[in-house]
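Here the UniProt record's numbering is used: the first residue of the sequence shown is 1, the next is one more, and so on. Read through the structure below, which is laid out as structure tokens, and then see the notes.
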Amino acid sequence: MPQMSPTWWTILFLFNITLFIIINMIIYFKWMPFDYNKFINMKKWNNFLLNDKNF
Numbered sequence: 001m002p003q004m005s006p007t008w009w010t011i012l013f014l015f016n017i018t019l020f021i022i023i024n025m026i027i028y029f030k031w032m033p034f035d036y037n038k039f040i041n042m043k044k045w046n047n048f049l050l051n052d053k054n055f
């Protein structure tokens, strides 16, 4: 087994991170479907918190 170069380790590391994120997104969207109404309510609540001067 030859010694691996550092560039190869960085490529492998980035590939593992991207693969992990993709798998997590697939699982998330498979088991938790996107609720658009909840998303809109969340955006409204965030806008309210950002624009509220009495807060």
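Just so you know, even glycine gets a beta-carbon here, dropped at the ideal spot from N, CA and C. Here the structure is a predicted model, which is why all the values come from computation and not from measurement.
As assigned by DSSP and simplified to three states, the class of residue i
| i | result |
| --- | --- |
| D4 | It is Met, not Asp, that sits at residue 4 in the sequence shown. Residue state, collapsed to three classes: coil. |
| L19 | helix |
Straight-line gap, residue i to residue j (C-alpha atoms, nearest Å)
| i | j | result |
| --- | --- | --- |
| I11 | N37 | 39 Å |
| P6 | I21 | 23 Å |
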